Structures are given as structure tokens and as C-alpha cells.
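>
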Amino acid sequence: MEVHRRLLDEQPEYATARVEVENRAFAYERGDEATARAGVTRIPVVVHVVHRTDAENIGDAQIRSQIDVLNRDYRKRNPDVARTPAVWQPLTADSRIEFALATRDPAGRPTTGITRTRTTTVGFGTDDAVKFTARGGHDAWPADRYLNMWTCVLRRGLLGYAQFPGGPPATDGVVMLHSAFGTTGTATAPYDLGRTATHEVGHWLNLFHIWGDDGTGCSGTDHVADTPNQGGPNFGTPVFPVVSCGNAPDGDMFMNFMDYTEDAAMFMFTQGQAARMDATLDGPRSSFTCATEPEGPA
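Remember, my numbering sits 273 above the position in the sequence shown when you count from 1.
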């Protein structure tokens with residue numbers, strides 16, 4: 274949310290765009306608008322590996338493992354979704370979104386969907402330096418055609434961060450700590466099940482943290498009607514029920530991907546969250562509902 278607040282402060286056009294994005298999201302969740310999306314939307318992904326050491330230069334298998342996790346989680350094909358408490362089982366959602374490493378680069382040339390950049394930067398922050406070649410990272414590919422993902426070393430214990438819809442194209446995408454990415458290689462417990470990227474891509478698709486992000490405790494909201502009111506983030510591996518904000522007997526939906534628990538403790542999105550994703554893919558990210566990768570050279 275730090276990036277979101279910074280952009281609101283620094284860029285009036287971002288604030289204006291965010292109003293439009295949220296108005297659309299509210300209409301979809303209320304049922305005033307029906308999604309125009311037919312079938313499954315497949316999003317081309319480019320992973321920019323920014324590394325100072327060989328260990329940080331994560332392997333292709335680790336990257337592919339992360340794409341696999343995203344596809345399971347966003348299609349409700351992750352086996353652990355069965356652990357959702359019975360009261361919320363009917364709310365669990367298949368978002369009808371899939372992800373695939375890009376097969377063509379912006380010029381139409383064949384690609385693995387992976388770039389590799391050696392940097393002299395010891396660790397990156399949320400100032401978006403990792404997203405620019407001139408600042409030690411790698412420039413984004415066109416944000417209307419690719420989901421840009423960067424892996425690197427992040428400072429201050431940060432696992433990842435994302436940019437909400439409506440922001441500058443040059444910085445659009447998600448950033449992850451390399452050791453909280455995928456399920457193999459450098460991925461390290463308790464963040465070795467790929468859920469950091471699931472969470473951050475949720476922000477990219479316009480999902481807020483489940484407890485709300487306005488710092489007002491029980492009066493905050495994630496703007497989703499079917500997630501219980503929640504006083505703040507949950508950490509670790511909570512045991513159901515965890516009660517806050519008078520939400521007994523069922524308590525917090527801490528197993529939602531948009532909470533802050535460890536990877537093994539989060540495993541579901543709700544129907545209301547899926548409606549917000551629909552609104553995003555019909556609105557500010559509608560370019561992904563069409564063929565988005567450039568054709569190869571003639």
C-alpha cells in the first residue's frame with residue numbers, strides 16, 4: 274500500500290483514475306454490471322530476474338513453479354482450498370484467470386518470458402528502482418500486453434509489492450523477493466508455496482488487503498461485501514476461528530489470499546473478490562481479454 278499512497282500523493286491523474294476504477298468495481302460487485310469476459314483470460318507474463326549474486330539468479334524451474342501456483346490458486350484448483358471452513362466454502366471462487374510465460378517479446382521475437390539482469394544494487398525498496406535499467410533493474414515490457422514481474426533482493430523484510438490498476442505503465446507490475454517466489458530453488462519457508470505472488474497479483478487486479486488499508490481498525494474495509502469485517506492483518510498460521518470486530522462466531526477470513534498469514538495458511542478468494550477482478554479485466558486491464566502478444570516477424 275505504500276506505493277499506492279505515494280502515487281495518490283504525487284500524481285493527481287492516478288487519483289482520478291482510481292476513482293473510475295473503484296466506481297466500476299462497486300458496480301460489478303453490486304451486480305449492476307455483468308462481466309463481458311467470456312471463458313478464461315490468459316495473461317502473458319514476463320519475469321525480470323534482477324540479481325547481484327549467482328544465488329539470486331533464480332532458475333527457470335523456480336519461475337515455472339510460480340506460474341503453476343498462480344494458475345492453481347486463481348482457478349481454484351489448489352488442493353488446500355478444501356481446508357476453507359464450511360461456512361465459507363460456498364464463497365470460494367474460480368476467477369477464470371490463467372497465466373503463462375510470454376512466448377513473444379515486444380518486438381515479436383521468440384522469448385522464454387524471462388529476462389536476466391546483473392545489478393550492483395545490494396537490495397531494492399519500494400521506490401521502483403528495480404523497474405528501470407538505468408537504476409540497476411530492468412525496464413518494464415508494455416504493461417498493456419504483459420504482466421511484468423520482477424524478482425530481486427528486497428530490503429526491510431519486504432516480501433513483495435504491487436501497483437494497482439490506473440498507475441504509470443512504466444512501473445506497472447509486481448515485485449517479489451526471490452526467496453518468496455515459487456516453490457523450488459531459493460524459495461524459503463514459510464514463504465515457499467508461491468503465495469506472495471498470488472497476493473501481489475491480487476493487488477495488481479485491484480484487490481485490497483482483507484482488513485482494509487485505511488488504518489482505522491474495525492471501520493476499515495476492503496470494499497468486498499462477502500469478506501467479514503476484520504480488525505487488522507493476521508500472521509503466522511492461525512487456527513479457526515480468530516475473532517475481531519465483533520465478527521463471532523466465524524471470525525476473520527484469515528485463509529484469504531489477501532491477508533498476511535504464512536503461505537500454508539492462505540488458500541482462497543471469494544466471489545466478491547472475483548467480481549472485482551472481472552471489473553478490472555473489463556476495465557483498466559481490458560487489453561488482456563484480447564490476444565495481447567505481438568505476432569512474430571513476417
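The C-beta atom is built at its ideal place from N, Cα and C for all residues, glycine as well.
These numbers come from a predicted model, not from an experiment.
For Gln-339, does the count of other Cβ atoms within 10 angstroms reach 16, so buried, or fall short, so exposed?
Classification for Gln-339: buried.
> Looking at the secondary structure, which residues open and close the beta strand (DSSP E) in which His-472 lies?
Taken as a continuous stretch (DSSP letters only), His-472 belongs to no beta strand (DSSP E), being part of the alpha helix (DSSP H) at 468-477.
> Can you tell me whether Thr-357 is buried or exposed, with buried defined as 16 or more other CB within 10 angstroms of its CB?
Answer is buried; the Cβ neighbour count reaches 16.
> Where does Trp-423 fall in DSSP's three states?
In the structure shown, Trp-423 sits in a strand (DSSP, three-state: E or B).
> Among the residues of its own chain, which have a CB less than 7 Å from the CB of Gly-439, if the five just before and after it don't count?
These residues qualify, in order along the chain: Tyr-287, Ala-290, Arg-291, Val-294 and Pro-557.
> With distances taken from CA atoms, which of His-472, Asn-507, Gly-475 and Cys-518 is nearest Gly-493?
It is Cys-518 whose Cα lies nearest to the Cα of Gly-493.
> Taking only three categories from DSSP, how would you classify Tyr-301?
Helix, per DSSP.
> Buried or exposed: where does Asn-351 fall if 16 or more other Cβ atoms within 10 Å of its Cβ makes it buried?
Buried, since its Cβ has 16 or more Cβ neighbours within 10 Å.
> Go ahead and pull the three-state DSSP assignment for Met-526.
Residue state, collapsed to three classes: coil.
> Can you give me the C-alpha to C-alpha distance between Phe-397 and Gly-409, rounded to a whole angstrom?
Each residue's Cα considered, the two are about 9 Å apart.
> Since Glu-329 is in the alpha helix (DSSP H), which residue starts that stretch and which ends it?
Where Glu-329 is concerned, there is no enclosing alpha helix (DSSP H), given that its DSSP letter is neither H nor E.
> Could you pull out every residue in the same chain whose Cβ sits closer than 6 Å to the Cβ of Arg-297, ignoring the five residues on either side in sequence?
Excluding sequence neighbours, Arg-297 sits near Ala-552 and Gly-556.
> Pull up the distance between the alpha-carbon of Leu-497 and that of Arg-389, whole angstroms please.
Checking the sequence shown, residue 497 turns out to be Val, not Leu. Those two C-alpha atoms are separated by around 38 Å.
> Measure the C-alpha to C-alpha separation of Ala-407 and Phe-481 and round it to an integer number of angstroms.
In a straight line, the C-alpha of Ala-407 is about 31 Å away from that of Phe-481.
> Is the beta carbon of Thr-444 closer than 8 Å to that of Asp-499?
In this structure, Thr-444 does not lie closer than 8 Å to Asp-499 by Cβ.
> Starting from the Cα of Ile-387, find the closest Cα among Val-322, Pro-441 and Thr-456 and give me that residue.
Ranking the options by Cα distance to Ile-387, first place goes to Val-322.
> From the DSSP output, in three-state form, read off Met-550 for me.
Of the three classes helix, strand and coil, the one that applies to Met-550 here is helix, per DSSP.
> Taking C-beta to C-beta, are Val-426 and Arg-325 nearer than 8 Å?
In this structure, Arg-325 lies closer than 8 Å to Val-426 by Cβ.
> Are the beta-carbon atoms of Leu-450 and Gly-433 separated by less than 8 Å?
It is a contact, given that the beta carbons lie within the stated cut-off.
> Around the C-beta of Ser-560, are 16 or more other C-beta atoms found within 10 angstroms, so that it is buried, or is it exposed?
Looking at its Cβ environment, which holds fewer than 16 other Cβ atoms inside 10 Å, Ser-560 is exposed.
> From Asn-502 to Ala-547, what does the alpha carbon distance come to, in whole angstroms?
The straight-line gap from Cα to Cα measures roughly 18 Å.
> At what residues does the alpha helix (DSSP H) containing Tyr-347 begin and finish?
That run of the alpha helix (DSSP H) goes 333-347.
> Taking a contact to mean a Cβ-Cβ separation below 8 Å, would you say Ala-470 touches Leu-364 in this structure?
Result no, Cβ atoms of Ala-470 and Leu-364 do not sit closer than 8 Å.
> Which residue from Val-512, Trp-477 and Ser-452 puts its Cα closest to that of Pro-442?
Per the Cα distances, Trp-477.
> Quick test of the definition: if touching needs 3 or more C-beta pairs under 8 Å, does the region 367-386 touch the region 308-322?
In short, these stretches touch, since the Cβ pair count reaches three.
> Select from Thr-510, Gly-509 and Met-526 the residue whose C-alpha is nearest the C-alpha of Val-516.
Closest option to Val-516, Cα to Cα, is Met-526.
> Enumerate, from N- to C-terminal direction, the unbroken beta strand (DSSP E) stretches of 3 or more residues contained entirely within the region 378-416.
Segments of the beta strand (DSSP E) lying fully in the region 378-416: 387-391.
> Looking at the structure shown, is Arg-249 part of a helix, part of a strand, or coil, going by DSSP?
The requested residue 249 is not part of the displayed model; the chain covers only 274 to 571.
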